[in-house]
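In the UniProt record's numbering, the protein residues as written are 1 to 189.
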């Protein structure tokens with residue numbers, strides 16, 4: 001919000017066109033289920049965007065049959081934030097627990113997981129500002145304080161460890177297939 005308040009005169013101009021940074025900082029909380037279907041070379045792909053808040057999760061269950069891949073989007077900067085609906089709960093811990101539950105769910109045993117670690121730019125900024133990963137993880141992480149690559153790798157490993165299918169010898173189960181750190185991404189939109 002502060003970003004846009006500082007630009008209010010520019011944003012309110014009749015000929016205003018958002019720049020890349022404006023788009024990055026715009027956010028709309030997902031409520032319910034948003035479905036989009038795309039025709040890509042005569043292959044129809046349906047994308048479901050579901051809300052991540054606890055009260056939204058019960059709305060997902062009917063979407064699970066026939067799923068051929070899961071794209072899980074986790075915010076890297078959540079290591080220093082609490083949940084909107086529970087100010088006692090760290091947002092990254094909640095994200096890791098939800099990801100672990102999805103990976104171990106009967107619905108997704110044979111479904112590839114694609115993990116997007118987004119808000120990469122805000123993650124870098126927080127590390128640069130000296131906000132340590134130790135505010136989220138109860139371990140000595142001083143080595144990561146100003147090293148983006150090590151911090152990113154540490155968080156990535158936390159998500160990989162959530163997927164118990166990585167440790168399973170059952171060839172029918174699919175572990176995480178791709179992990180992408182991104183500031184902003186377009187995926188068929």
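C-beta atoms are modelled at their ideal positions from N, C-alpha and C, and glycine is treated no differently.
- In this structure, the straight-line span from the alpha carbon of residue 128 to that of residue 42 is close to 46 angstroms.
- When only Cα atoms are considered, residue 68 and residue 78 end up about 28 angstroms apart.
- If you look at residue 102, you'll find it in the alpha helix (DSSP H) that goes 91 to 104.
- Below 8 angstroms, enough C-beta pairs join the stretch 73 to 93 and the stretch 117 to 127 to call them touching: three or more.
- In the same chain as residue 72, and ignoring 5 residues on each side of it, the C-beta atoms closer than 8 angstroms to its own belong to 99, 102, 113, 114, 115 and 116, in chain order.
- Each residue's CA atom was taken as its position, placing residue 9 and residue 20 some 18 angstroms apart.
- Distance check between residue 135 and each of 82, 97, 46 and 96 places 82 closest, using alpha-carbon atoms only.
- Membership of residue 116 in the beta strand (DSSP E) is indicated by the continuous run 113 to 118.
- Looking at 111, 37 and 38, the one whose alpha-carbon comes closest to that of residue 65 is 111.
- Distance check between residue 148 and each of 158, 138 and 133 places 133 closest, using alpha-carbon atoms only.
- Within 10 angstroms of the beta-carbon of residue 94 lie 16 or more other beta-carbons, which makes it buried.
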